[in-house]
Structures are given as structure tokens and as C-alpha cells.
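Numbering (this note's numbering), first residue to last: 2 to 101.
Glycine included, every Cβ here is placed at the ideal spot set by N, Cα and C.
Step one of this worksheet: look at the structure below.
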């Protein structure tokens, strides 16, 4: 029962998508009307074009171009190009750590 002057907080889930890939929104770079993320492969930056889906809070669904387990560059990604050597400082396995 909700009375005048009271409030409540609710979360409405419109749809649940299983087995999807989502990345922090800030890791996506837009260039020339295309979206990219940088991943690390064998110590080298690789630029991947991606197609995006649903945006929720700080995450965005990647519908094409990225697979589970890819190591996404989350810091310095705006200052690198394809083929740059990377120095991996820290690997983050928990997506919530990206925000800390």
C-alpha cells in the first residue's frame, strides 16, 4: 500500500538477453560513422569494428564484431592505433571493477 507522500523505487525489466557480449560504453570509439573497440592480442592493439545493440547504464551490447573472452583496452584506448605495442598493467575480470 502506497500512501500520499510515500515513494518507492522499481526496476522494470523489458527484456533479458542471454549469452550476449557487453562492454563499458566509454570503450567504444566512433570514427567516420563506425564504432570500434580496441582489443589486446599478444601485446599489440587491434582495432575491431563493432555493431552495437542495447545501451543500459554504463554498458552497451555488442551484437557483431567481438567475442567472449576478448581483452578490451579500457585505458589509453583513445591514444593508440592499430598495431601499437601495449603494456598491460592490469587485467580486469569483473566488469564492475572498470568503474572503480
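- Residue pairing of residue 19 in beta bridges, as defined by DSSP: absent, with no partner found.
- The distance from the Cβ of residue 54 to that of residue 62 is about 4 angstroms, consistent with a contact at the 8 angstroms cut-off.
- Counting along the chain, residue 50 sits inside the beta strand (DSSP E) bounded by residues 45 to 57.
- One Cα belongs to residue 42, the other to residue 79, and the distance between them is close to 17 angstroms.
- In this structure, the beta-carbon distance from residue 36 to residue 51 falls below 7 angstroms.
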